[in-house]
Amino acid sequence: MTLHARSSSVETQRAAAARLVYRKPDVLIDRATHYCPGCGHGVIHRLLAEVMTDLDLPAHTIAVAPVGCAVFIYDYLDVDFVEAPHGRAPAVATGIRRVRPEAFVLTYQGDGDLAAIGTAEIVHAAARGERITAIFVNNGIYGMTGGQMAPTTLLGQRTTSSPSGRDAELMGYPIRITEMLAQLPGVTYAARGSVADAGSIGRLKVMIRRACQVQIEGGGFAIVEVLSNCPVGWGMTPQESLEHLKGSVAEAYPLGVIVDRSAPSTARPAAAAATNPEA
Amino acid sequence: MAPRQEIEIGLRRTEAELEAGRRARVLMKGNEAIAEAAIQAGCDAYFGYPITPQAELLEWMARRMPEVGRVFVQAESELGAINMALGAAATGARVMVSSSSPGISLMAEAMSYMAGSGTPMVLVNVMRAGPGLGGIGPSQSDYFQATKGHGHGDYRVPVLAPASIGEAMKLMATAFELAERYRTPVMLVADGILGQAMEPVELRFRTPERQAFDWALTGAAGRPARIVKSLDLDPEVLERRNLALQQKYREIARHETRWEGWQLADAEFAIVAYGTAARVARSAIARAREKGMKVGLFRPITLWPFPERELARMSRQLHGILTVELSSGQMIEDVRLAVEGRCPVAFHGRMGGLVPTPDEVLGALKALRGRVERTRTTTSHDPATEHHPGDASANGTGVRTGARRRGRG
Ligand SMILES: Cc1ncc(C[n+]2csc(CCOP(=O)(O)OP(=O)(O)O)c2C)c(N)n1
Ligand code: SF4
Ligand SMILES: [Mg+2]
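Going down the list, the sequences are from chains H and R.
Numbered per this note's numbering, the first sequence spans residues 45 to 323.
Numbered per this note's numbering, the second sequence spans residues 909 to 1317.
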């Protein structure tokens, strides 16, 4: 045995013994994204890729891409994708859901997409309890069109279409649409997470996993709102934008699980069996 | 002659009863007949929103689709309905939506997306009178919208225009076939009369064969992921996609143009009309013939592609053309483009939900003849008087491919 061969076999053994702690999920395509430096969309894609891989979902996923900065999400996640017109992803997903009961159906929308132009579609998909998993990226701005005011823009926040800051009297108040949706019995799970720091990202991943599991378990509509940053649209450095996200943004949009109707319903079959006279 | 068996199809007709009625003539409302024809053509999913005068179509689907184990969803709006259709169609399902004029305006955006991404779908417009909320009477005021309008961008959709309930039923199968063959939305336009009147029809249906789609989203198990989209920010790539789309439209125009001629062989005048207007025209033509006027009917069945070559050929033998529409005159622009001034083209139409009477149309025909005769007495040589009888295509129904000739509807 040559020295060379011996050393390489040692490396192989070491590699085999090493515990793999982190690797890029295959479903995340190895390609530079078009997102601005520091943008939260990339982190959210990564979390989705990890969760979907863990739950073995990619091969039977049919996902719906939004109109917004994430319009090219199909270039980064290696699953079947259909493009929805601006705001219509929940309706598109409903169509898929109804004819493909076996598919894992995922939507990904921005706050302009979901909470302005697509308000009717999201409310009614949720009201019907469509078995879909919705990822809702709230960055408080219309990123793609150059930083105009979104329905979620904070009071006083300057954008290109609210140059003196959002004035409640003229422009109304920020909309907490996830809390509104959580009122609907068709919504099995609604939560709000954030990409502000490592801790938040870890908690967000748990929420995304739960929202996917709800669908797998046959629950109703599941939505995770993600407070995300848009350094470019906010006129901040990436670091400043994360501080802002942790501070004012999270104050206006409290983090945590807003509703989880999946827990009681999973307990119900046993209880029902015990009291059902026909059982 | 054996007495004709007429059964009124109730809303709760079972499969067995339908089977029994397959060879019989049954009385059916247009909207319901169209809906049943779609089901029999294999429509997997229907998405709709109530609007007069097509609500019965939605209601029929609401009862029948669950009965046959298919999908029915009443959407929150026409936007919701057509985007549901977009999602379902992207998975390769055979889908349909229906509405009436104001609802079609809302569906325009998604239609453009579907044309751009090559997603098949059948859309029925039971037209009502506009503009705006307008009225609910029969109308053909959406010709521009159907053939040149709706959504944004350089695209077309095939538009089928039946003139009877029976023909509408046959064309539903054609619509699904065209949608899937060419990966395009296909529109079928009717008006309030076709939608809401009852006619005896034969319960004969056709289910177009299923194709295997290499683009449908089914989950990427065992194959590369697929994307159904219309977006391309690279102008070179987008132009290439547009060129391919235009090539497809030329193919559709070459192979799928449909029209019907009636009493055209010796005709000196022709009425060009579609849908309900064509039925009024037939009555007017019958009366004109009784009075010795040689008039025929040229009835486009596809509004796009418009049978322009056939009409152009026909116009060489004609002294004049009268276009009759339930509108201010929209199709007449295509008639004039096809005729290219070879003979005068006159118009008669009513709006607001009114339908012209055969006598009105007869009056318009006489006025046209008077106009032509006056011109002839003042012109020494008028090529319009040249007569070319016996043109083989002057009668009967036309589909541009010889292989697909149709019976009269
Ligand atoms: C019907 C229609 N209206 C407007 C637009 C333009 N448009 C594209 S993206 C967008 C806003 C997207 O904002 P958001 O959903 O918040 O996503 P972000 O870019 O912030 O991630 C708008 C208004 C469009 N494409 N279609
Ligand atoms: S504009 Fe904002 S949301 Fe869009 S990519 Fe840039 S940072 Fe991200
Ligand atoms: Mg946004």
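C-beta atoms are modelled at their ideal positions from N, C-alpha and C, and glycine is treated no differently.
Small disclaimer: the values here were computed from a predicted structure and weren't measured.
Heavy atom of ligand 2 within 7 Å of residue i beta-carbon
i, result
"methionine 188 (chain H)", "yes"
"histidine 288 (chain H)", "no"
"glycine 277 (chain H)", "yes"
Which of helix, strand or coil DSSP assigns to residue i
i, result
"proline 1093 (chain R)", "strand"
"arginine 144 (chain H)", "coil"
"threonine 1055 (chain R)", "helix"
"valine 111 (chain H)", "coil"
"asparagine 1150 (chain R)", "helix"
"glutamine 283 (chain H)", "helix"
"aspartate 1099 (chain R)", "strand"
"histidine 1289 (chain R)", "Because histidine 1289 (chain R) sits at a pLDDT of 46, beneath the cut-off of 50, its placement in the model cannot be relied upon, and the following sentence gives the value as read from the coordinates. Reduced to three states, the DSSP call for histidine 1289 (chain R) is coil."
"histidine 1227 (chain R)", "coil"
"proline 218 (chain H)", "coil"
"tryptophan 278 (chain H)", "helix"
"methionine 1035 (chain R)", "strand"
"histidine 1256 (chain R)", "strand"
"asparagine 183 (chain H)", "coil"
"leucine 225 (chain H)", "helix"
"leucine 72 (chain H)", "strand"
"valine 1065 (chain R)", "coil"
Residue i CB to nearest heavy atom of ligand 3 below 7 Å
i, result
"alanine 133 (chain H)", "no"
"isoleucine 942 (chain R)", "no"
"isoleucine 166 (chain H)", "no"
"isoleucine 185 (chain H)", "yes"
"glycine 154 (chain H)", "yes"
"alanine 1254 (chain R)", "no"
"alanine 327 (chain H)", "Nothing about residue 327 (chain H) can be reported from this structure: the residues present for chain H run from 45 to 323 only."
"alanine 1321 (chain R)", "Nothing can be reported for residue 1321 (chain R): it is not among the residues displayed for chain R, which extend from 909 to 1317."
"alanine 128 (chain H)", "no"
"alanine 194 (chain H)", "yes"
Residue-chain proximity (residue i, chain R), Cβ-Cβ < 8 Å
i, result
"aspartate 295 (chain H)", "In the sequence on display, residue 295 (chain H) carries glutamate and not aspartate. With 8 Å as the cut-off, glutamate 295 (chain H) does not count as an interface residue toward chain R."
"glutamate 127 (chain H)", "yes"
"proline 195 (chain H)", "no"
"valine 276 (chain H)", "no"
"glutamate 94 (chain H)", "no"
"arginine 132 (chain H)", "yes"
"alanine 76 (chain H)", "no"
"alanine 266 (chain H)", "no"
"glutamate 165 (chain H)", "yes"
Neighbour list for residue i in chain C, Cβ cutoff strictly below 7 Å
i, result
"histidine 89 (chain H)", "The structure shown contains no chain C; its protein chains are H and R."
Contact test: residue i Cβ vs ligand 1 heavy atom, cutoff 7 Å
i, result
"alanine 114 (chain H)", "yes"
"cysteine 951 (chain R)", "no"
"aspartate 70 (chain H)", "no"
"proline 110 (chain H)", "yes"
"cysteine 274 (chain H)", "yes"
"isoleucine 88 (chain H)", "no"
"valine 293 (chain H)", "no"
"valine 181 (chain H)", "yes"
Contacts of residue i in chain H (Cβ-Cβ under 8 Å)
i, result
"valine 979 (chain R)", "Arg142, Val143"
Amino acids of chain H, ordered along the chain, whose beta-carbon sits closer than 7 Å to that of residue i
i, result
"alanine 996 (chain R)", "Gly139, Ile140, Arg142, Val143"
"leucine 1139 (chain R)", "Val115, Glu127"
Residue i at chain H interface by Cβ criterion, 8 Å
i, result
"glutamate 984 (chain R)", "yes"
"aspartate 1142 (chain R)", "no"
"aspartate 952 (chain R)", "yes"
"glutamate 1017 (chain R)", "yes"
"serine 1025 (chain R)", "yes"
"tyrosine 1063 (chain R)", "no"
Buried or exposed by the 16-neighbour rule on C-beta atoms within 10 Å, applied to residue i
i, result
"valine 1005 (chain R)", "buried"
"glycine 908 (chain R)", "A query on residue 908 (chain R) cannot be resolved here, the shown segment of chain R reaching from 909 to 1317 and no further."
"proline 1143 (chain R)", "exposed"
"isoleucine 260 (chain H)", "exposed"
"arginine 58 (chain H)", "exposed"
Contacts of residue i in chain R (Cβ-Cβ under 7 Å)
i, result
"histidine 104 (chain H)", "Gly1127, Ala1129"
Residue i: contacting residues in chain H (beta-carbon distance under 9 Å)
i, result
"threonine 999 (chain R)", "Ile106, Asp124, Val126, Gly139, Ile140, Val143, Arg144, Ala147"
"isoleucine 959 (chain R)", "Within chain H, no residue comes near isoleucine 959 (chain R); the closest Cβ sits about 16 Å away, beyond 9 Å."
"phenylalanine 955 (chain R)", "Ala135, Thr138, Gly139, Arg142"
Partners in chain R for residue i, counting only beta-carbon separations shorter than 9 Å
i, result
"tyrosine 186 (chain H)", "None at all; the shortest Cβ gap to chain R is about 17 Å."
"alanine 160 (chain H)", "Going along chain R, no residue has its Cβ under 9 Å from alanine 160 (chain H), so there is no contact; the nearest lies around 14 Å."
"tyrosine 118 (chain H)", "Ala1133, Ile1135, Lys1137"
"alanine 178 (chain H)", "Near alanine 178 (chain H) there are no residues of chain R at all, since even the closest Cβ is about 14 Å away, more than 9 Å."
Within chain R, the residues that residue i reaches when beta carbons sit closer than 8 Å
i, result
"histidine 168 (chain H)", "Ala983, Glu984, Gly988"
"valine 136 (chain H)", "Asn991, Met992, Leu994, Gly995, Ala998"
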